[in-house]
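Residue numbers (this note's numbering): 5 to 89. The beta carbon of each residue, even a glycine, is placed where N, CA and C say it ideally should be. Here the structure is a predicted model, which means the values were calculated and not measured. First the structure, in the form of structure tokens, and then the observations on it.
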């Protein structure tokens with residue numbers, strides 16, 4: 005549901021505000037929620053924000069999975085190749 009809200013609507017969500025809201029309301033934040041948020045940040049071009057969220061994820065005791073690392077790697081490689089053009 006969160007994935008659909010972020011990816012299929014034109015609502016300009018402030019993703020860190022959404023994350024903070026989820027934390028303050030004690031909503032369960034698992035690896036899937038983190039991965040959706042990291043992916044959304046990367047798609048918006050906020051690689052620093054995505055990296056910061058992964059740091060917050062590990063600080064919360066949630067281990068990034070292969071999907072999380074793949075999203076970050078893909079966007080880093082894309083940025084690398086774009087700077088070489």
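- In this structure, the beta-carbon distance from residue 58 to residue 72 falls below 8 Å.
- Annotated three-state conformation of residue 33 is coil, per DSSP.
- The beta-carbon separation of residue 38 and residue 66, rounded to 6 Å, stays under the 8 Å limit for a contact.
- Around the beta-carbon of residue 44, 16 or more other beta-carbon atoms lie within 10 Å, marking it buried.
- Taking all protein chains in view, the Cβ of residue 83 is surrounded by fewer than 16 other Cβ atoms within 10 Å, so the residue is classified as exposed.
- The shortest CA-to-CA distance from residue 21 to any of 49, 53, 34 and 46 is the one to 53.
- Boundaries of the alpha helix (DSSP H) harbouring residue 27: 19–28, taken from the DSSP string.
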